[in-house]
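Numbering (my numbering), first residue to last: 97 to 257.
Just so you know, even glycine gets a beta-carbon here, dropped at the ideal spot from N, CA and C.
Heads up: the structure comes next, in structure tokens.
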């Protein structure tokens, strides 16, 4: 499964905001201009403008207007999962075009006709579950810590298994 540059650049943007904010200081952090974020991550400013709008709509970042305005995390990095970030940018995570996750964890496959099950539904359901579980278990705080060259703590590492 490939994610687009929206997910890659958006996650990098969020990690840089997390680095700027410091641990658990999202709401008190000074706003950071999008231009300085683009420069820090060597990302195209025009593209980041589109991404940050989606992240703001998902209540993952907040904006401050004015001469000293910019963006900051809307809540602490430890409370933001990568599933939230990726879904805000890419939409629902689906391993195949025909695959749609619906309420109650069930899966709808467009190849199913009446009562006949899709032959590959089990595989794509497992892929979907694995990817969404990994994204949901990974917080922005972990990526910020990792980006600073630190190893994950043993307690955090144990939850990854």
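Contact set for residue i: own chain, Cβ-Cβ below 6 Å, skip 5 residues either direction
i           : result
residue 254 : Any answer about residue 254 is weak, because its pLDDT of 49 lies below 50 and its placement is not dependable; what the coordinates show is given next. The answer is none, since no qualifying residue turns up.
residue 262 : Since the displayed the chain opens at 97 and closes at 257, residue 262 lies outside it and no answer follows.
Same chain, Cβ closer than 7 Å to residue i, neighbours up to 5 away in sequence not counted
i           : result
residue 228 : 179, 189
residue 232 : 177, 179
residue 106 : 147, 151, 181, 185
residue 240 : 111, 114, 115, 173
residue 192 : 220
Residue closest to residue i, alpha-carbon to alpha-carbon, out of the options
i           : options            : result
residue 165 : 146, 143, 221, 126 : 126
residue 149 : 140, 167, 234, 134 : 167
residue 155 : 185, 138, 130      : 185
residue 130 : 163, 98, 222       : 163
residue 160 : 128, 183, 134, 132 : 128
residue 175 : 103, 104, 235, 245 : 235
Status (buried if at least 16 other CB within 10 Å, exposed otherwise) for residue i
i           : result
residue 101 : exposed
residue 146 : exposed
residue 219 : exposed
residue 243 : exposed
residue 251 : Here residue 251 scores only 47 on pLDDT, less than 50, and its place in the model is too uncertain to base an answer on.
residue 187 : exposed
residue 237 : buried
residue 138 : exposed
residue 133 : buried
residue 117 : buried
residue 103 : buried
Same chain, Cβ closer than 8 Å to residue i, five either side skipped, listed in chain order
i           : result
residue 158 : 152, 167, 168, 169, 170
residue 136 : 112
Contact belief for residue i with residue j at Cβ below 8 Å, rounded distance in angstroms
i           : j           : result
residue 109 : residue 144 : 6 Å
Heavy atom of the ligand ATP within 6 Å of residue i beta-carbon
i           : result
residue 177 : With respect to the ligand ATP, the structure shown offers nothing to examine, as it has no ligands at all.
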